[in-house]
Each structure stands twice: as structure tokens, then as C-alpha cells.
Amino acid sequence: MEKLFRAVDEPVPGPFARRAIEESREFARGWYARAERIPDPDACRRRVAQDMPEMLPVFDDLAEFAGDDAAMVAALAGIDPPPLIPAGCTVRALSRPLATLLRNYDFHPDATSGVILRTNWAGTGVLGMGEGVSGLLDGVNEHGLAAAMTFGGRHVYGSGFGIILIVRYLLQVARDLKDAAEVLARLPCAWAHNVVVQDPTGKAIRAELAPDRAPSIVEVDAATNHQANVVPAESSRWRFETAGGLPDDADMARTIFSRGRLCLDDFEGWLGTLYTAEYRPPDGSVRFHWGADSWEQSLDRFEEGTRRVAYRVGAAPQIVA
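This is how it looks when you write it as C-alpha cells:
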């Protein structure tokens, strides 16, 4: 089983975004067909203007590429997304030897974009793992904030924004943890998700978001796939205990995440580790790990290209081309 990861440098929406939209139309239409109704494009624009005004110029550019395709416009805006099979994921913030946000993204290789994207939307430099053309699974911005999302473990759905758009918006506008907390407390989240945000000092917050209860935002350095007052699934429990119990040492934790017991191989069960991301907020950089192999990127030094990664049961992933 293999996955192609691409690194793309596109400061403002252009040829790559246009091509990605064309490639995503069929999925978006099938996805939103599950909803009771497809949000109206004008209503999507009003909601972006109201809740994410800084994103409106970018949304307008992307919507122009999408044309009159209502499902594609709704997907670009992240408005009221229908349910999908949830991903796993483990996140841990560490402060030594320097601030580091480690995250494992656990899912199926066929169900993620695999695009490492550097942008300068609305004048803010952001680098991260893109998803859904306009969203991010994780990333870092020029102000030294890193963020990563996880599924919250509860199958509740409502009206709001998809988490990948919330992570994108947070990194576009937040300059510190106070800003990040304000964004996470204010934006309605359509599903149950967790977000960990870390600043250059190593301090971190975790937000537990859901459409059926108020956000919970606390100073916590780890997250997996459950929220407060809910009995966690066994996998989420032991990953949380393992990650949270690691010493505050990014060099040691990196090995546990990328090729140790936190590196999962249940791809048939949609819970295999597709990549380990090692974000370093102080210098706006990230190193993506596949077992012993890695690919480093930063806001200042970005390398476009591709890496093909092989996944095998019983072994850590590795770059093969």
C-alpha cells in the first residue's frame, strides 16, 4: 500500500488550487449528497463573511474556480459538512530542547490529500498538511503558532464549520494562544473534534469542540480521540496515556511516535499512521517522518517535490521514491 505526498508552494490560489478543485468535484458532490440539503453558495459566502471575514477574499477566489458547483463551494467554505469515517490521531506538545508539536495522523492512505502546502493567504505565511483544497489537518504560521486536530470520539453532527477550515482560519489570524483560544471558542464546529495549539515558548492549549455543547479550552499538552466526561475507546485511552506520559523530551518522543508503539499499522481498520509531523513553532518549520525517513520543510526554506511512501503491516512506513 502506497501514498504519494506532494509539497506545493502556492502563495495565493492559482493553478494548483484550480486543479485540486477539478479533481475534488466528484467527491464533493457525492459527499454532500448525503446531507439533507446542499448549502446555498450565497449563504456560504455570508457565513464566511460573518465568521471568518479575513478569509473572504481567498474564499471568493476559490469559489470562482468552483463556478456554480454548490457542493464544491460548500466544501471550500467548510460549511455543514456531512459525516465521514473519522480519523484517529495522537498529539503531544513538548518544550525541550525547544517547543515541538508532535502529531500522528492515523487514517487510510486513500482518504487524505497528502499535500504539504505553503501559502501566504491574506498576507500570513502558513505551512501545513493540506486537506480539502482550503483546509489544514495541522500546520504552523509565521507568528510561531502550531496546531493539529484530532477526532473527538463522539458521533455528533450539527451546523458549523469543518475542523480543517477551523485549523486553517486559526493559523491565518492568530498571533498567540489568546488569539487561538478566541477563535476556537467563537467558531461553531460541525463535528466533535479536538485541537492542540502550541506557541514558541512551548506552552499549549487543547480545545474540545462539538456542536452539542460549549467549547472546553484548557492548558493541556496532549490529545487523542476522546473528550471530557466520555468513556474513551481503548485505543484512544492507551495512546493518550502513552503520549501524555512521555518525558518532556522531543528527541525521545519523536522515536515513539514515528516508529515506536504510537506508530499504528491497522490500515484495514482505517487506523494506520500515515505520517508523523514534528512542528517547531520557534522557527516555523516541520519535519514529516515516515519511520526512519523524513522530509523537512519551513516557511523560510521550502522544497517542492514528491515522496512516495509505502505502508506495511508490522513495519514502520518508509519513503520508497
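According to my numbering, the residues represented by the sequence shown are 123 to 443, in order. The beta carbon of each residue, even a glycine, is placed where N, CA and C say it ideally should be.
Its Cα nearest to that of W360, the residue G210 stands out among G210, D131, G257 and E158. In this structure, I286 places its C-beta atom within 8 Å of the C-beta atom of G200. Counting along the chain, no alpha helix (DSSP H) covers Y401; the unbroken beta strand (DSSP E) around it starts and ends at L393 to R402. Taken atom to atom, the span from the alpha-carbon of R429 to that of R409 is near 13 Å. Contact between the stretch 310-325 and the stretch 256-274 is present: three or more C-beta pairs spanning the two stretches fall below 8 Å. Cβ neighbours of S407 within its own chain (closer than 6 Å, five residues either side excluded): S420. In this structure, L239 lies away from L293, with their beta-carbon atoms at least 8 Å apart.
M251 is bridged by DSSP to I238 and D260. For I160, there is no enclosing beta strand (DSSP E), as DSSP gives it neither H nor E.
Spatial neighbours of A443 in its own chain (CB-CB distance under 7 Å, excluding positions within 5 residues in sequence) are listed in chain order as R430. Taking F187 as reference, the option from R169, L206, V353 and P135 with the minimal CA-CA separation is P135. When the Cα atoms are used, R423 and S256 turn out to be separated by approximately 22 Å. Here V342 carries a coil assignment [DSSP, helix/strand/coil]. Residue environment for D191: buried (at least 16 other C-beta atoms within 10 angstroms of its C-beta). The stretch 369-443 is shown to contain whole alpha helix (DSSP H) runs of 4 or more residues at 372-381, in chain order. The alpha-carbon of L220 is positioned some 32 Å away from that of D388. Contact check for A375 against L224 passes: the beta carbons are separated by less than 8 Å. When C-beta atoms of the stretch 308-320 are compared with those of the stretch 332-345, three or more pairs fall below 8 Å, so the two segments count as touching.
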